[in-house]
């Protein structure tokens, strides 16, 4: 009887400690095999992120790859929905790279607040939300519930360098 | 003489009490015959609204009707400006439904701050502001001066499910 | 020896005082020969700017000229990139005019935080960032480093009155 009680206590404490453990975004990125990039500086009179109070507003980012090239083309013609979602995921990595550059440590993120996802697509393409899930899923994988954001997903006529997607983001930080 | 003075005093107090009476948005909705909907949960890793400090950022909403269907089509081809404005008004109801779900009581709204209205339209359509007035007029009917917001109204190439309009909103709350 | 020392001291202090001198945006506008316009009131239920806390959210503005007319047309067909950049600069002047109307004095600006630049363009046009530099360059000329903002630059299908560009802006103020 006493043994069973002790076992239950131990198991409960163990479970609680796992639940209470803060989500470590840097560790999660490692587990996902994602390596952040060194953010480049814009060659113009703007910056990639501005902090005001506890909010960081990030510039529109594109699906930059580690070699500096962009995923380009229109979803619904040049790219499938799945390829669009992969571009959205790549854009998330680009945004996280900038955010890490600003914060030093991604565990300072309190909440991904708001995201505007602008998908380069054809006029008859209507699955912009599925494309943006490539972004949203990664955010929740990395930040847990803190990664759940308000979101708009829309279809664009034209984007810089014909990139497949442009995403801007507002984050609340410590 | 004394009677006239008393009458003026009473009338003045009455007028002041009407002016001073806070705009009751829930009562206004009732008077307008508008019933808010039960907000649905997104089937993906995002949410319909995120609060940070005194601001609530709402996701892009579409013109959802009570039966769950959307008003679809392009303004300037499938829909007239008036029908577009009706879709914008319906989107306002959808946003207010989400906001009420977040706040419990819409009288906690201190100010509708900023709105981005994205109208699904043809390339030559140029009356996006008239379409967005369907949204803005309802906000002022419901919240009075607190409903007056900063706004952008633009024309989109493509929107999810071919909905007629997508609107996102930032609100300051108590 | 003592003379040289004194000279160096004086020069150092002079240099420091120039560096330390706060950027005076009103003076800079004068030097640039830019006269702000008297902001007009929207003829609908929205306003050109809303303040919440230390942030001012400005409505989407277009390239209004002093005579009230707008620069119209699509970049890539009706307008060159240079003409588009001039329209973006004109929109910056329009936004600053509204901001001055709100603040009384532009030296109360602590930071231009975030900008969304929506360029009316053709489907194959990809130089939206070059167009937006017309806006960003003026902001930095007027505000110095405080004028450096987070930014998104995208290509639109249609804009109100066929204007060449629409820009919305978030500013942190004293």
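Chains as they are written, first to last, in my numbering: chain V, 2 to 175; chain L, 2 to 175; chain D, 2 to 175.
Just so it is clear, CB atoms sit at the ideal spot from N, CA and C, and this is done for glycine as well.
Interface residues of chain V facing residue i [CB-CB closer than 7 Å]
i: residue 119 of chain L; result: 155
i: residue 169 of chain L; result: 153
Under 8 Å by beta carbon: chain V residues contacting residue i
i: residue 158 of chain L; result: 122, 124, 156, 157, 158
i: residue 129 of chain D; result: 159, 160, 161
i: residue 140 of chain D; result: 46
Below-7 Å beta-carbon distance, residue i vs any chain V residue
i: residue 161 of chain L; result: yes
i: residue 1 of chain D; result: With chain D covering only 2 through 175, there is no way to say anything about residue 1 of chain D.
i: residue 136 of chain L; result: no
Short CB-CB distance (under 7 Å) between residue i and chain L
i: residue 50 of chain D; result: yes
i: residue 109 of chain V; result: no
CB-CB length for residue i against residue j, believed under 8 Å
i: residue 166 of chain L; j: residue 132 of chain L; result: 7 Å
i: residue 121 of chain V; j: residue 164 of chain V; result: 7 Å
i: residue 78 of chain D; j: residue 139 of chain D; result: Contact flag wrong, Cβ pair sits at about 25 Å.
i: residue 144 of chain D; j: residue 110 of chain D; result: 6 Å
i: residue 37 of chain V; j: residue 98 of chain V; result: 4 Å
i: residue 75 of chain D; j: residue 127 of chain D; result: Rounded, the Cβ-Cβ distance is 14 Å, inconsistent with contact.
i: residue 174 of chain V; j: residue 150 of chain V; result: With a Cβ gap of about 14 Å, residue 174 of chain V and residue 150 of chain V do not count as contacting.
i: residue 60 of chain V; j: residue 49 of chain V; result: 5 Å
i: residue 57 of chain L; j: residue 100 of chain L; result: 7 Å
i: residue 155 of chain D; j: residue 160 of chain V; result: 6 Å
i: residue 162 of chain D; j: residue 73 of chain D; result: 7 Å
i: residue 168 of chain D; j: residue 118 of chain D; result: 5 Å
i: residue 1 of chain D; j: residue 62 of chain D; result: Beyond the ends of chain D as shown, which are 2 and 175, falls residue 1 of chain D; an answer cannot be given.
i: residue 53 of chain V; j: residue 152 of chain D; result: Their Cβ separation, rounded to whole angstroms, is 15 Å, which puts residue 53 of chain V and residue 152 of chain D out of contact at 8 Å.
i: residue 141 of chain D; j: residue 46 of chain V; result: 4 Å
Contacts of residue i in chain L (Cβ-Cβ under 7 Å)
i: residue 112 of chain V; result: 51, 53
i: residue 71 of chain D; result: What residue 71 of chain D touches in chain L: nothing, since even the nearest Cβ is about 11 Å away.
Minimum Cβ-Cβ distance from residue i to chain D less than 7 Å
i: residue 78 of chain L; result: no
i: residue 176 of chain L; result: The requested residue 176 of chain L is not part of the displayed model; chain L covers only 2 to 175.
Proximal residues of chain V, C-beta to C-beta of residue i below 9 Å
i: residue 173 of chain D; result: 51, 53, 54
Contacts of residue i in chain L (Cβ-Cβ under 9 Å)
i: residue 115 of chain V; result: 51, 53, 58, 59, 60, 169, 171
Quiz item: Taking a cut of 7 Å between CB atoms, which residues from the stretch 23-45 of chain V lie near chain L?
Solution: Here the close residues number zero.
Quiz item: If you scan the stretch 33-117 of chain D from start to end, which runs of the beta strand (DSSP E) of 3 or more residues do you find wholly inside it?
Solution: DSSP assignment within the stretch 33-117 of chain D yields the following whole beta strand (DSSP E) runs of 3 residues or more, N-terminal first: 50-53, 56-62.
Self-check item: Members of the stretch 54-67 of chain V near chain D, C-beta cut-off 8 Å
Solution: Residues passing the 8 Å Cβ filter: 54, 58, 59, 60, 61.
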